Amino acid sequence: MKTKRYAIALLLGLLLVLIGSWAKRRLLPSDWEKCQRAYNALRREAGMPPVDIGVRSIRVGGRDERCVSCHLGTILPALPTPPFQSHPAVVCALPISRQGCTGCHGGEPLRLSTQGAHGVAADTRRTLTDGPDRGLRSLRIQAGCAGCHLRRDGGVLRYDGDKVPEVAAGLTLFLSQGCASCHRVAGVFSAAEHGPALSSIAQARSREAIERILLQPQASNAASPMPPLTLPPADQDKLVTFLLAQVGPDQEQGCSVACAMQAVSARPGPLGHFPDDPSQKPNAATGALWARRIGCAGCHRLSNTEAGVPDLTRVGWYRNEAQLRNMLRDPRKVVPATWMPLLNLPEPVVESLVAWLLLQRVPLPSLPKEVFRDVCRRCHGQDRDAKVVVLSKRPPLLEGRKESLTREKFVEVATRGVDGTAMPPWGRMLSPPFLGAIHESLE
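Here it is as C-alpha cells:
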C-alpha cells in the first residue's frame, strides 16, 4: 500500500513538472521561441503559412551552430524585419555551410538565449566580433575573416592587408607597442614570455575584457609590470581586433594541419616580419625605424608627445656608446632586475639603434623648477607617468620631501644616478648648484 502511494506521488510530481514546463514555455517563452513566433506572425501578415517552431541548426565542420534558430532568413524565406533578413552578399570563398556563422561573427554557437549566443552572458567568453556598434561592424568583423586571409610562410604570421587591413595593422601595433616583448603569439616574433601566451586569447576573453586589461593592467593584477596602452582609440581598436583574430592556428580555416604544427613550434626573429628591409649598413635613420618596429615605444618615451619611462629623448646626453650597446645586447647585465627582454637583434640593427640613441639630446628647460616639472616628475611626481610600472624598482615620490631629503643627499644621487635602475647620472648634464636648485622645487 505504501509503495502504491509513493508511485502515485511520483507520478503526480512528474505531472506537475511537465505542466510547469509547458506553462513556462507558453507564458515565458525563450528568446528563440519569441523570435520564431514573431517570424510566423509576419509570415501570416504576408499571406504565407507558418513554419514549425523548434530549435534549428546547421552542421559546420563537425559541430552544430544554432544561430539560425533566430536568424531564420539565412535558411528560410527572408523577411525585411531583423533578425529575419537574408545574409548580405559577401565575396568569400567559403559557403555558409562550411564557414558557419561564428567563424566570422564570433559568439557562442550552441546558446539559444540572445545574451548567451552573443557571448555577453556572465558565463560566456566569446563575444560577437562585430558587436552592437553598426558603424564599427565592417571593421571589427575582420577578426573573424582573418582566419582565412592569412599566411604563415616559414612559420611567420602575415595577414592580407587588402582583405583584413584592421587585423594587419593590429599585428604591426602588437610589435611596435612591445607586446611581443612579453607575450607569445604563434608565428610572431617573441622576445620573452613574462606574460601569458595569446595565441588563443579569442577563445578565452571578450573584446571588453581585452580592452580593460590593455587600458588598466593593474586593475586585475596589482603587481603586473605591463604598461597601460596609451594609443588613440582607433589604434586601440585595431590592436584588440588583431587579438580577437587569435583563435589558435588549429582553428584557422586558412591554415592546414602542417601549417598549424609549424606555427606552434616556429620562433621567428624580428627580421622575419620585415623581409624586404633594405638597410644593412648601420645608420641613425634606420635605428629610428627599428626603435618603432621592435616595440621600444611600449615602455619608453620616444618623443615629447608620448608617454613612457625610461625617457629616451635625452639618453644621448648621459649614456655613452658602449653603455647603450651593452643594454641592447644583454639588458640584465646592466640592470639585473629589468623587465627589458633579450632581443637577440642582428648587429646591424644594434648599431643602428645605438647611432640613433646617441642623437637623442632634447634640450632641458632653463629653469630648475621647470626641469623638475617636465623631467623629474615623470618618475618622482604624484601624477607620474602611468608606465612607471615597467620599472623593476619603483622610483620614490619626491614631491613634498624637501625637509626629509637633504640637499646634499639629493645632489649626490642626482649627480651619479643609481646603478641597476633607470635613474641616470644627471651630473653629466647639470651642475651641482643647478641640481641643488631643483631640490628647492620639492615643496
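Under the numbering used here, think of the first position of the sequence shown as 6, with each following residue one higher.
For glycine and all other residues, C-beta sits at the position ideal for the given N, C-alpha and C.
In this text, all values refer to a predicted model and were calculated from it rather than measured experimentally.
What residues in its chain sit with their C-beta under 8 Å from that of Leu219, if we drop five residues either side in the sequence?
Pro233, Leu234, Gln241, Leu244, Val245
Taking C-beta to C-beta, are Cys381 and Leu403 nearer than 8 Å?
yes
State the DSSP-derived secondary structure class of Arg156, mapped to helix, strand or coil.
strand
Relative to the C-alpha of Arg145, which candidate in Thr134, Leu155, Cys153 has its C-alpha closest?
Thr134
Expected contact under 8 Å - CB spacing of Gly149 and Phe247 to nearest Å:
Not confirmed; about 12 Å, so no contact.
Going by DSSP, what residues sit across from Leu249 in a beta bridge?
Leu249 pairs with nothing; no bridge assigned.
Measuring only the C-alpha atoms, how far is Ser308 from Arg297?
11 Å
Given a threshold of 16 other Cβ atoms within 10 Å of its Cβ, counted over all protein chains shown, does Gln387 qualify as buried or as exposed?
exposed
Which residues mark the beginning and the end of the alpha helix (DSSP H) in which Arg412 is found?
412-421
Start and end of the alpha helix (DSSP H) containing Arg49?
36-50
Is Met53 buried or exposed, if buried means 16 or more other CB atoms sit within 10 Å of its CB?
exposed
Could you tell me which residues DSSP puts in a beta bridge with Glu70?
Ile63
Among Asp69, Ala43, Ala126, whose alpha-carbon lies nearest the alpha-carbon of Asn104?
The sequence shown places Gln at residue 104, not Asn. Out of Asp69, Ala43, Ala126, Asp69 has the C-alpha closest to the C-alpha of Gln104.
For Val320, report the span of its alpha helix (DSSP H) as first-last.
320-323
Pairwise C-alpha distance: Arg324 and Gln182:
24 Å
Where Asp316 falls: helix, strand or coil (DSSP):
strand
Under 8 Å between C-beta atoms of Leu117 and Asp57:
no
Measure from the alpha carbon of Asp158 to the alpha carbon of each residue in Cys384, Thr318, Tyr44, Ala265, then state which is nearest.
Ala265
In the structure shown, what three-state DSSP assignment does Gly300 receive?
coil
Please look up how many angstroms separate the CB atoms of His199 and Trp344, rounded, as I've assumed it's under 8 Å.
6 Å
Could you compute how far the alpha carbon of Glu216 sits from the alpha carbon of Lys392?
17 Å
Excluding the 5 residues flanking Ala122 on each side, which residues of the same chain have their C-beta closer than 6 Å to its C-beta?
Gly112, Glu113, Arg116
Which residue from Cys72, Glu50, Ser143, Thr132 puts its Cα closest to that of Val95?
Ser143
DSSP three-state assignment for Leu15, whether helix, strand or coil:
helix
Taking all protein chains shown into account, do 16 or more other C-beta atoms lie within 10 angstroms of the C-beta of Gly425, making it buried, or fewer, making it exposed?
exposed
Evaluate His444 with the Cβ neighbour count: other Cβ atoms within 10 Å of its Cβ, from every protein chain shown; 16 or more gives buried, anything less gives exposed.
buried
What are the start and end residues of the alpha helix (DSSP H) that includes Gln267?
262-270
Of the residues Thr318, Gly441, Pro341, which one's Cα is nearest the Cα of Arg383?
Thr318
Would you mind working out which of Trp361, Leu364, Arg330, Gly124 sits nearest Leu348, comparing C-alpha positions?
Arg330
If you follow the alpha helix (DSSP H) that Glu171 is part of, which residue opens it and which one closes it?
170-181
Could you tell me the distance, in whole angstroms, from the CA atom of Asp390 to the CA atom of Pro230?
13 Å
Minimum C-alpha distance to Ser3 - residue among Gly59, Glu448, Glu375:
No answer is possible for residue 3: the residues shown for the chain start at 6 and end at 448.
Buried or exposed: which applies to Asp379, given that a residue is buried once 16 or more other Cβ atoms fall within 10 Å of its Cβ?
exposed
Who does Gly111 pair with in a DSSP beta bridge?
Leu133
Would you mind working out which of Ser446, Leu362, Lys407, Gln328 sits nearest Asn288, comparing C-alpha positions?
Leu362
Buried or exposed for Asp316, going by 16 or more other Cβ atoms inside 10 Å?
buried
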